[in-house]
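Engineer: This structure is in structure tokens; I'll ask about it shortly.
In the working numbering, the protein residues as written are 992 to 1047.
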């Protein structure tokens, strides 16, 4: 998979999980989605780093 695809997918997944989490708590979803997106991007970057290290 391409790097951008992995990062985009993890960002989307984390954002959606945090959105549904916020809705279940009946809270404003915007801050949760922003934090989820950031965490998803960090996770995606970590996955890319791991895959690049194992290729060498």
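Cβ coordinates follow ideal geometry from the N, Cα and C atoms, glycine included.
1. Just to confirm, are residue 1005 and residue 1028 a CB contact at a threshold of 9 Å?
2. Answer yes or no: do residue 997 and residue 1026 have a C-beta to C-beta separation smaller than 9 Å?
3. Given this structure, state the Cα-to-Cα distance separating residue 1022 from residue 1035, to the nearest angstrom.
4. Assign residue 1016 to one of three DSSP states: helix, strand, or coil.
5. Return the residue from the list 1019, 1017, 1033 that minimises the CA-CA distance to residue 1002.
Structural biologist: The relevant details are as follows:
1. yes
2. no
3. 20 Å
4. coil
5. 1033
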